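In the numbering used here, the protein residues as written are 402 to 703.
C-beta atoms are modelled at their ideal positions from N, C-alpha and C, and glycine is treated no differently.
All figures in this text were calculated on a predicted structure; none of them were measured in a lab.
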Amino acid sequence: MRILQLTDTHLYGDPASRHYDRIDTAAALRAVLARVRGIEDVDVVVHTGDASDDGSVASYRLLHELLDPFAASLSAPLVVTMGNHDVPAAYAEVAGPGDHGGPWQDRVHALPRGGRVIILDSSVPGAGYGHLDPEQLEWLREVLAAPAASGAPAGGVSAEGEADGPTVLAIHHPPLVGATPLLRGLDLDGLDALADALAGSDVRAILSGHYHHPMTGSIAGIPVLVGPGITNVVDPLAAGGVERAGARSGAQLVEIDAPGAPGVRATSAEWASGGDTREDPERPVYEFGPDVVAQILGAAGR
């Protein structure tokens, strides 16, 4: 399976809006799509959250205006995950309700060539950190009780009667520990409960965004692959308690080998932002000291 992962587009309903008064996020997304257009043998395009920055219905319409034809040009379905800046109720006006009721945009997407992508909505209204409700975890357990289908014509089951397509989980907040104080304060909670729900399942990889920089790890023995942001890319090695992001955009290709082969690989690329209105790639989009970080966490953290 080959997955093109895009994340953290932070689109606006108002075309005049700029992220940090600088980044034209729609232009940044268009530039990334131009970079990766024509990539071959993609089974699915997965957007791992913070699709919108303002949570408006107009921003989600714009998202699909840009991504639907792009995914169609690759002959691949599009999957969209909710992030902490997203508003699931607004997205539902564009994409319909989730699969199991409640306020969440949790869904299962069966893929034409076999396998599936399960998306979990980890957003918390008004907060930056992530959370999964017990009802969501119970739904996840029920979904994972049966393995993914192979994509063969006879009900998705191969001629040998085996359902062997890979399952991929997409969740905006990575089930990891963030690399910086700000990201750690906005992490996903309840990792033990999620690990318990995933144990023994056929999930081969977990795709996440939120951090705005590439990162890998694991939970319940499953690789977690975090993609670089499109609206900006975070510098996770900034020293002195500083949080910094550059005017860059990235995308990631995730490859999962056939059953019986353990390989899961993530290859990311980054470019100067195509939405940088200041056209100054050396100047950070933002640079926060510890005091500002504390204010952000006080407003959006736990």
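8 angstroms Cβ cutoff, residue i in contact with chain C
{"i": "R508", "result": "No chain C is part of this structure, which consists of one protein chain only."}
Of the listed residues the options, nearest to residue i (C-alpha basis)
{"i": "V655", "options": "H613, H420, G641 and S609", "result": "S609"}
{"i": "A473", "options": "R542, P498 and I440", "result": "I440"}
{"i": "R630", "options": "A580, A621, T449 and D442", "result": "A small correction: the amino acid at residue 630 is Gly; Arg does not occupy that position in the sequence shown. Per the Cα distances, T449."}
{"i": "N485", "options": "L512, D409 and G499", "result": "D409"}
{"i": "R462", "options": "A432, V495 and G647", "result": "V495"}
{"i": "V627", "options": "H574, A695 and R431", "result": "H574"}
{"i": "L595", "options": "A652, L570 and A511", "result": "L570"}
{"i": "E543", "options": "I519, V525 and E680", "result": "I519"}
{"i": "S476", "options": "D522, P660, V443 and D422", "result": "V443"}
{"i": "D522", "options": "Q506, E536 and D534", "result": "Q506"}
{"i": "V446", "options": "Q653, H614 and T426", "result": "Q653"}
{"i": "Q406", "options": "H420, G651 and E688", "result": "G651"}
{"i": "V458", "options": "V488, L538, L587 and H510", "result": "V488"}
{"i": "S453", "options": "H411, E671 and A598", "result": "H411"}
{"i": "Y612", "options": "P576, P624 and E536", "result": "P576"}
{"i": "L434", "options": "D681, L512, Y421 and A670", "result": "A670"}
{"i": "P643", "options": "F471, A598, G622 and Y687", "result": "Just to set this straight, residue 643 is Val in the shown sequence, not Pro. Looking at the Cα atoms, Y687 is the closest of the given residues."}
{"i": "D469", "options": "A491, A490, R431 and G456", "result": "R431"}
{"i": "A606", "options": "P535, I657, L538 and A640", "result": "I657"}
{"i": "A676", "options": "D455, Y421 and A639", "result": "Reading off the sequence, residue 676 comes out as Gly, not Ala. Nearest C-alpha to G676: Y421."}
Beta-bridge pairing of residue i - partner residues as DSSP gives them
{"i": "Q653", "result": "Q406 and S669"}
{"i": "L521", "result": "I572"}
{"i": "S453", "result": "L412"}
{"i": "T678", "result": "T678 is not bridged to any residue."}
{"i": "D534", "result": "Answer is none; D534 lacks a bridge partner."}
{"i": "A511", "result": "R517"}
{"i": "V446", "result": "L405 and L479"}
DSSP-derived helix/strand/coil call for residue i
{"i": "R436", "result": "helix"}
{"i": "E688", "result": "strand"}
{"i": "P624", "result": "strand"}
{"i": "L545", "result": "helix"}
{"i": "I424", "result": "strand"}
{"i": "P629", "result": "coil"}
{"i": "A659", "result": "coil"}
{"i": "V558", "result": "Below a pLDDT of 50, predicted positions are generally treated as unreliable, and V558, at 36, falls in that range; the measurement from the model is reported next regardless. Coil, per DSSP."}
{"i": "E683", "result": "coil"}
{"i": "E644", "result": "strand"}
{"i": "G618", "result": "strand"}
{"i": "V635", "result": "strand"}
{"i": "V458", "result": "helix"}
{"i": "V694", "result": "helix"}
{"i": "R419", "result": "coil"}
{"i": "G664", "result": "coil"}
{"i": "E441", "result": "coil"}
{"i": "V582", "result": "The identity of residue 582 in the sequence shown is Pro, whereas the question assumes Val. Of the three classes helix, strand and coil, the one that applies to P582 here is helix, per DSSP."}
{"i": "L577", "result": "coil"}
{"i": "A564", "result": "Note on A564: pLDDT 47, under 50, position unreliable in the model; the coordinate value appears next. Coil, per DSSP."}
{"i": "G702", "result": "coil"}
{"i": "A550", "result": "coil"}
{"i": "A429", "result": "helix"}
{"i": "P526", "result": "coil"}
Does the count of Cβ pairs from the stretch 426–441 and the stretch 478–496 closer than 8 angstroms reach three?
-> no
Ignoring anything shorter than 4 residues or poking outside the stretch 587–613, list the alpha helix (DSSP H) runs there in chain order.
-> Here the runs fully enclosed are 592–599.
Whole beta strand (DSSP E) elements within the stretch 463–504, 3-residue minimum | Whole beta strand (DSSP E) segments, 3+ residues: 479–481.
So does the stretch 626–640 actually touch the stretch 576–584, counting three or more Cβ pairs closer than 8 angstroms?
-> yes
Taking one C-beta from the stretch 590–602 and one from the stretch 493–510 each time, how about it: are there three or more such pairs within less than 8 angstroms?
-> no
Answer yes if the stretch 618–627 comes into contact with the stretch 414–430, meaning at least three C-beta pairs across the two stretches below 8 angstroms, and no otherwise.
-> no
At least three beta-carbon pairs within less than 8 angstroms, the stretch 657–671 to the stretch 690–699 | Judged by pairs of C-beta atoms under 8 angstroms, the stretch 657–671 does not touch the stretch 690–699, as fewer than three such pairs exist.
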